[in-house]
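Undergrad:
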Amino acid sequence: MRICVFLSAADLDDRYTRPAREFAELLGKGGHTLVWGGSDVGLMKVVADGVQEAGGRLCGVSVGFLAAKARPGADEMVVAGDLAERKRLLLAKADAVVIMVGGTGTLDEATEILELKKHGHTDMPVVLLNTAGFYDGLKEQFRRMESEGFLPRPLTDLVFFAEEPVAALAYLEESQGVR
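Residue numbers (the numbering used here): 186 to 364.
1. Between the Cα of Ala195 and the Cα atoms of Pro339, Asp321, Thr291, which residue gives the shortest distance?
2. Among Pro339, Ala355, Glu270, Gly362, which one has its Cα closest to the Cα of Gly222?
3. Could you compute how far the alpha carbon of Val344 sits from the alpha carbon of Val312?
4. Which residue or residues does DSSP assign as beta-bridge partners of Met262?
5. Tell me whether the beta-carbon of Ile188 lies closer than 7 Å to the beta-carbon of Ala295.
6. Check whether the segment 346-358 touches the segment 208-220, counting contact only when three or more Cβ pairs, one atom from each stretch, lie closer than 8 Å.
7. List in chain order: all unbroken alpha helix (DSSP H) runs of 4+ residues lying wholly within the segment 289-317.
8. If you run the structure through DSSP and keep just helix, strand and coil, what is Val178?
9. May I have the straight-line CA-CA distance separating Leu197 from Arg256, to the nearest angstrom?
10. How would you label His304, buried or exposed, when you count the other beta carbons within 10 angstroms and need 16 or more for buried?
11. Rounded to whole angstroms, what is the Cα-Cα separation between Val246 and Gly322?
12. What does Pro345 pair with, by DSSP beta-bridge criteria?
13. Answer with buried or exposed for Ser224, where buried requires no fewer than 16 other C-beta atoms within 10 angstroms of its C-beta.
14. Please name the residue in Tyr201, Val220, Val248, Ala252 whose C-alpha comes closest to that of Leu228.
15. From the DSSP secondary-structure annotation, give me the bridge partner or partners of Phe191.
16. I'd like to know whether the C-beta atoms of Ala265 and Val248 end up nearer to each other than 7 Å.
Given below as structure tokens:
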């Protein structure tokens with residue numbers, strides 16, 4: 186599978202890096218390809234290192250103003266002209282999406298894929314990996330959106346919330362008929 190991971194490029198605490206690395210190792214050992222923002226810094230580097238060291242492939246999609254931070258030695262690296270093109274390319278290269286901890290860029294990417302799913306423009310599985318309860322507030326907001334009629338599809342049709350990396354990958358593999 187080609188799994189797009191939306192996540193931060195910031196240097197983060199072990200409570201975030203440890204589960205990210207665990208997911209990356211599972212992805213690599215499963216023979217999957219990481220599709221990610223291409224950066225070789227912060228949490229993006231942690232995940233890319235883990236995937237590559239475990240035997241997986243790397244497909245990066247950087248953007249012009251961040252190209253200097255792009256990972257050397259990726260199996261594939263594309264440089265998009267702007268952030269909108271980057272999101273489009275990331276999703277075009279993926280079979281599934283995992284949303285890890287991140288800031289406003291990650292939140293933008295997450296809401297984009299959920300909006301596409303809501304309107305039936307994609308059926309790829311989406312997992313929100315809720316490491317250390319990072320997305321508890323967002324999960325509650327999504328539930329409120331659903332209960333108050335803002336979502337035309339059930340929340341469970343849009344996103345799977347996983348608390349642990351192994352559950353995230355198991356859900357993706359099951360939904361895609363892998364293994």
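Note that the Cβ used here is the ideal one computed from N, Cα and C, for glycine as well. This one's a predicted model, so the numbers in the text were calculated from it and none came from an experiment.
TA: Looking at the atomic coordinates:
1. Thr291
2. Glu270
3. 6 Å
4. Gly245
5. no
6. yes
7. 289-303
8. Any question about residue 178 goes unanswered here, given that the chain covers just 186 to 364.
9. 18 Å
10. exposed
11. 29 Å
12. The amino acid at residue 345 is misidentified as Pro; the sequence shows Phe. Per DSSP, Val312.
13. buried
14. Tyr201
15. Ile284
16. yes
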